[in-house]
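Report on the following structure.
In the working numbering, the protein residues as written are 323 to 432.
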């Protein structure tokens, strides 16, 4: 299960429910592994936002760019949230212990 949670944290997909589920299980990972996965996700989101920005400056009429604007807003908001979680992990404000991870895995696997 930890590998699946890591993959869901790392890779943005079209369906945000998978990410939300992974966030709910984040404490089954060591803090350092969760931080690495979220850094990977942040880098992917940064690239996605930059790509969407390029589309928005393509010269197309605004009406044809509404879905791009929407997607960019959603990706940028997610990126802001992920960066905030990373800041909290780095500062120690957000943390968990190995025993908490073990308890979670025991509960999930029962």
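By construction, the Cβ of each residue, glycine as well, lies at the ideal position given by its N, Cα and C atoms. Note that the structure is a prediction, hence the values are computed from the model and not measured.
Assignment of residue 417 by DSSP, reduced to helix, strand and coil, places it in the coil class. The Cβ atoms of residue 400 and residue 367 lie closer than 8 Å to each other.
Here residue 396 is actually not in contact with residue 356; their C-beta atoms are around 22 Å apart, not less than 8 Å.
One thing to note: residue 351 has its Cβ no nearer than 8 Å to the Cβ of residue 334. The beta carbons of residue 418 and residue 349 sit about 4 Å from each other, so the pair counts as a contact at 8 Å.
Excluding sequence positions up to five before and after residue 377, its CB lies within less than 6 Å of the CB of 390, all in the same chain and listed in chain order. Here residue 384 is exposed. Its C-beta has fewer than 16 other C-beta atoms within 10 Å. Collapsing the DSSP output to three states places residue 360 in a helix.
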